[in-house]
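Numbering (my numbering), first residue to last: 7 to 353.
Worksheet: the structure to be examined is printed underneath.
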């Protein structure tokens, strides 16, 4: 074949043109391009390097490169998670949400969020709508993970009006709530609200941004069968390994930690990065973060798994949740879904 490329007959260069088209543009040459480049090669106007340069400087090649970059961002190029079979099986069960049916959950949800006799804390109506799907997943997970068994002891970090639902679905469970230190005039979920309105048996004031106190707290607190650490990690300015290690220390031997947090590589963020828009919001001015809503750091699944391992956790389940996504996006649940769910146990 090499001898043909020194020919002055254009037909002898069609193989070369086809080869370079397939390599650069991933298609066969059109008739016009094939004839033009073969003629230029035969006449000496162009050599093989020039042909390749012409194609990679074309608008078509640039569009193809942009498409591939976009595809790489949205589908990801990371190695597969390669979860062990038992982890994959439990992950699929959790994602399916088949233990509590939607109609039963929705009826209970309405008793809380559409019930005049159940006055809501400020902002909870909107919170109830936004987090409706997420708590459906959480309650289903608790059912699968044994929260309905006798002697179950739940600890939830960060109360909401949803918290009252735990004992409605798991009547034999004991609920404890932990939350950050707040001023005496705080209008949110205080110890009195948690114990009086939400049915919590215990309330713990814990500053998760002060890891120096973790050992002393762990020594003084009871142990729990289920710890719910949902949508908290992203609000903290602290090393996640230290936090997860502390949470693991509060588990019973057979206990589980249920952790959820936004997926940094969700579709919304990926699309912003494709437009060179920084998805990280700027810290609020003044006292704009009075309610600690700001996300200081969001995470991806693989780094969370590495943090969990470093903290001494054993992975029981993980999946990408579409609880924040639109119905159309949720039907394509994948690594660009909005939330991360992990279930960890003690090693």
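We treat Cβ as the ideally placed atom computed from N, Cα and C, and that holds for glycine.
Here the structure is a predicted model, which means the values were calculated and not measured.
Could you check whether residue j and residue i sit closer than 8 Å to each other, using their CB atoms as the reference points?
i, j, result
"residue 145", "residue 111", "yes"
"residue 31", "residue 70", "yes"
"residue 253", "residue 233", "yes"
"residue 3", "residue 347", "Outside the modelled stretch of the chain, which goes from 7 to 353, sits residue 3, for which no answer is possible."
"residue 168", "residue 141", "yes"
"residue 247", "residue 316", "yes"
"residue 174", "residue 114", "yes"
"residue 257", "residue 249", "no"
"residue 244", "residue 171", "no"
"residue 22", "residue 325", "no"
"residue 352", "residue 304", "no"
"residue 272", "residue 318", "no"
"residue 236", "residue 266", "yes"
"residue 209", "residue 200", "yes"
"residue 19", "residue 37", "no"
Taking residue i as part of the beta strand (DSSP E), name the residues at either end of that continuous run.
i, result
"residue 349", "345-352"
"residue 180", "180-185"
"residue 235", "230-236"
"residue 322", "319-327"
"residue 20", "Element bounds for residue 20: not the beta strand (DSSP E) but the alpha helix (DSSP H), 20-31."
"residue 341", "Taken as a continuous stretch (DSSP letters only), residue 341 belongs to no beta strand (DSSP E), as it is neither H nor E."
"residue 163", "159-163"
"residue 210", "208-211"
Buried or exposed: residue i, going by 16 or more other Cβ atoms within 10 Å of its Cβ?
i, result
"residue 323", "buried"
"residue 181", "buried"
"residue 332", "exposed"
"residue 219", "exposed"
"residue 51", "exposed"
"residue 10", "Residue placement at residue 10 is poorly supported in this model, since its pLDDT is 46, which falls under 50; the coordinates still yield a value, given next. It is exposed - the Cβ of residue 10 has fewer than 16 other Cβ atoms within 10 Å."
"residue 134", "buried"
"residue 280", "exposed"
"residue 343", "buried"
"residue 183", "buried"
"residue 35", "buried"
"residue 202", "exposed"
"residue 137", "buried"
Return the residue from the list the options that minimises the CA-CA distance to residue i.
i, options, result
"residue 159", "230, 175 and 226", "230"
"residue 152", "325, 272, 108 and 176", "176"
"residue 60", "41, 26, 33 and 280", "26"
"residue 17", "292, 48 and 289", "48"
"residue 98", "340, 213 and 344", "340"
"residue 302", "251, 238, 329 and 353", "238"
"residue 297", "212, 198, 186 and 200", "186"
"residue 221", "39, 270, 255 and 240", "255"
"residue 86", "289, 318 and 311", "311"
"residue 165", "154, 211 and 155", "211"
"residue 33", "293, 54, 46 and 66", "66"
The alpha helix (DSSP H) spanning residue i covers which residue range?
i, result
"residue 252", "246-255"
"residue 142", "138-150"
"residue 92", "91-102"
Assuming residue i and residue j are in contact, meaning their beta carbons sit under 8 Å apart, how far apart are those beta carbons, in whole angstroms?
i, j, result
"residue 278", "residue 285", "5 Å"
"residue 179", "residue 264", "Incorrect: roughly 13 Å between the Cβ atoms, too far for contact."
"residue 3", "residue 150", "Lying outside 7 to 353, the shown extent of the chain, residue 3 is not represented and no answer is given."
"residue 132", "residue 329", "Contact flag wrong, Cβ pair sits at about 16 Å."
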